[in-house]
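K.L.:
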Amino acid sequence: MTAYLFDPPAVVSVPVQDGDARFPVRRILCVGRNYAAHRREMGGDDRDPPFFFAKPADALVLPGVDVAYPQATANLHHEIELVVALGAGGADVSVEEALNLVYGYAVGVDLTRRDLQAAARDKGQPWDAAKGFDQSAPISPILCGSGTPPQGRIALSVNGQPRQDAAVADMIWNVAEIIAEASKLWRLAAGDLIFTGTPEGVGPLVRGDAVEGEVEGVGRLAFKIV
Ligand code: MN
Numbered sequence: 012m013t014a015y016l017f018d019p020p021a022v023v024s025v026p027v028q029d030g031d032a033r034f035p036v037r038r039i040l041c042v043g044r045n046y047a048a049h050r051r052e053m054g055g056d057d058r059d060p061p062f063f064f065a066k067p068a069d070a071l072v073l074p075g076v077d078v079a080y081p082q083a084t085a086n087l088h089h090e091i092e093l094v095v096a097l098g099a100g101g102a103d104v105s106v107e108e109a110l111n112l113v114y115g116y117a118v119g120v121d122l123t124r125r126d127l128q129a130a131a132r133d134k135g136q137p138w139d140a141a142k143g144f145d146q147s148a149p150i151s152p153i154l155c156g157s158g159t160p161p162q163g164r165i166a167l168s169v170n171g172q173p174r175q176d177a178a179v180a181d182m183i184w185n186v187a188e189i190i191a192e193a194s195k196l197w198r199l200a201a202g203d204l205i206f207t208g209t210p211e212g213v214g215p216l217v218r219g220d221a222v223e224g225e226v227e228g229v230g231r232l233a234f235k236i237v
């Protein structure tokens, strides 16, 4: 048996909607600027393709857990996203084969320290501090299902007021294309989660806010900022 200097970190896992076995998380990839209207609201060029960044697995916020307003920001933003959960992996996967890697889908929020992101962008620095901080990735239970990806409504409200309301079908890269593109850059594996980007309407959260999100046909999530 391997001797460790201290207890290794626990495996992060997400509940599955129908079943007791949990989905063990390997890594979290995220797509940036995958909806044209959000790309415009962020000041992006309409010709720029989407791209990837990452969050650590232990940034996940599991169902029923509230989010402590993070340190080092005065402008925490919500980004509602469809999350793809992979049950298989591979490298250089074709678009035609990509959906075979899907285990299921979840609803996620890509919490963002927008002030740190803007500062990093201005200086040409990485986004890790803006995106990959503690409790930056609330997620719903995973819905098992590898058929046609969700296409319907994706929406988020804060204290009952609508903030984001769009359709998953508006994504620039669809789910199969996202998986194929990611597999050109990394060897994907079972346990990988991919946050697929947010539509327009991102905005600030403050302590006391109650956040609710949904993706039609996938599920809902709810948490408070405390
Ligand atoms: Mn995002």
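Those letters in the sequence shown? Residues 12 to 237, by the working numbering. Virtual Cβ for every residue (Gly too), placed ideally from N, Cα, C.
(1) Below 7 Å CB to CB, which residues in the same chain sit around residue 182 once its five sequence neighbours on both sides are set aside?
(2) Are the Cβ atoms of residue 155 and residue 31 separated by less than 8 Å?
(3) Please tell me whether, using a cut-off of 7 Å, the distance from the CB of residue 63 to the nearest non-hydrogen atom of the ligand HEM is below it.
(4) Would you mind stating whether residue 165 and residue 148 have Cβ atoms separated by less than 8 Å?
(5) Any heavy atom of the ligand MN closer than 7 Å to the beta-carbon of residue 209?
(6) Would residue 115 pass as a contact of residue 203 if the rule is Cβ separation under 8 Å?
(7) Using DSSP with H/G/I as helix, E/B as strand and the rest coil, what is residue 32?
(8) If I'm right that residue 91 touches residue 175 with Cβ under 8 Å, what's the distance once you round it to whole angstroms?
(9) For the candidate residues 139, 104, 122, 62, whose alpha-carbon lies nearest to that of residue 79?
(10) Looking at the ligand MN, does it come within less than 7 Å of residue 121, judged from the CB to the closest heavy atom?
(11) Quick one: measure Cβ to Cβ for residue 195 and residue 103, integer angstroms, because I've assumed they're closer than 8 Å.
(12) Have a look at 169, 136, 86 and flag the residue whose alpha-carbon is nearest the alpha-carbon of residue 125.
(13) How would you label residue 134, buried or exposed, when you count the other beta carbons within 10 angstroms and need 16 or more for buried?
(14) When every heavy atom of the ligand MN is checked, does at least one fall within less than 7 Å of the C-beta of residue 43?
(15) DSSP three-state call for residue 52: helix, strand or coil?
(16) Is residue 188 close to the ligand MN? I mean its beta-carbon at under 7 Å from any heavy atom of the ligand.
(17) Whose C-alpha, out of 185, 127, 214, 220, is nearest the C-alpha of residue 110?
(18) I need the boundaries of the beta strand (DSSP E) containing residue 205, first residue and last residue.
(19) Quick check: what's the CA-CA separation for residue 249 versus residue 77?
(20) Using a Cβ-based criterion (distance less than 7 Å to any ligand heavy atom), does residue 234 qualify as near the ligand MN?
(21) To the nearest angstrom, how far is it from the Cα of residue 214 to the Cα of residue 112?
(22) Here's the rule I'm using: 16 or more other beta-carbon atoms within 10 Å means buried, otherwise exposed. How should residue 128 be labelled?
P.N.:
Based on what the coordinates show:
(1) The count along the sequence shown starts at 1 and reaches residue 182 at position 171. Contacts found: 45, 46, 207, 208.
(2) The sequence position of residue 155 within the sequence shown is 144, counting from 1. The sequence position of residue 31 within the sequence shown is 20, counting from 1. Contact annotation: residue 155 and residue 31 have beta-carbon atoms that are not nearer than 8 Å.
(3) Looking for the ligand HEM in the displayed structure turns up nothing; the ligands present are the ligand MN.
(4) Residue numbering aside, residue 165 sits at position 154 when the sequence shown is read from its first letter. Residue numbering aside, residue 148 sits at position 137 when the sequence shown is read from its first letter. Not a contact, by the Cβ cut-off of 8 Å.
(5) By 1-based counting over the sequence shown, the position of residue 209 is 198. Checking every heavy atom of the ligand MN against the Cβ of residue 209, one is found closer than 7 Å.
(6) Here residue 115 is taken as the residue at index 104 of the sequence shown, counted from 1. Here residue 203 is taken as the residue at index 192 of the sequence shown, counted from 1. Going by beta carbons, residue 115 and residue 203 fall outside the 8 Å limit.
(7) What you label residue 32 is simply residue 21 of the sequence shown in a count that begins at 1. Correct three-state label for residue 32: coil.
(8) The count along the sequence shown starts at 1 and reaches residue 91 at position 80. The count along the sequence shown starts at 1 and reaches residue 175 at position 164. Rounded, the Cβ-Cβ distance is 5 Å, consistent with contact.
(9) Taking the sequence shown and counting its residues from 1, the one referred to as residue 79 is at position 68. Nearest C-alpha to residue 79: 122.
(10) Stepping through the sequence shown from its first residue, residue 121 is reached at position 110. At least one heavy atom of the ligand MN is nearer than 7 Å to the Cβ of residue 121, so yes.
(11) Counted from its first residue, the sequence shown places residue 195 at position 184. Counted from its first residue, the sequence shown places residue 103 at position 92. Sure, about 6 Å apart at Cβ, within 8 Å.
(12) Looking up residue 125 in the sequence shown gives position 114. Of 169, 136, 86, the residue nearest in Cα terms is 86.
(13) What you label residue 134 is simply residue 123 of the sequence shown in a count that begins at 1. Exposed is the call here.
(14) The residue you call residue 43 lines up with position 32 of the sequence shown. For the ligand MN, at least one heavy atom lies less than 7 Å from the Cβ of residue 43.
(15) As a first step, residue 52 is located in the sequence shown; it is residue number 41 there, counting from the start. Here residue 52 sits in helix by DSSP.
(16) Numbered from its first residue, the sequence shown carries residue 188 at position 177. False, no ligand heavy atom lies under 7 Å from that Cβ.
(17) Position 99 of the sequence shown, counted from the first residue, corresponds to residue 110. Nearest C-alpha to residue 110: 185.
(18) The count along the sequence shown starts at 1 and reaches residue 205 at position 194. Where residue 205 is concerned, the enclosing beta strand (DSSP E) stretches over 204-206.
(19) With the chain represented from 12 up to 237, any question about residue 249 goes unanswered, as that position is not in the structure.
(20) The residue given as residue 234 occupies position 223 in the sequence shown. For the ligand MN, not one heavy atom lies less than 7 Å from the Cβ of residue 234.
(21) In the sequence shown, counting from the first residue as 1, residue 214 sits at position 203. In the sequence shown, counting from the first residue as 1, residue 112 sits at position 101. C-alpha separation (whole angstroms): 33 Å.
(22) For this step, residue 128 is matched to residue 117 along the sequence shown. Buried: at least 16 other Cβ atoms inside 10 Å.
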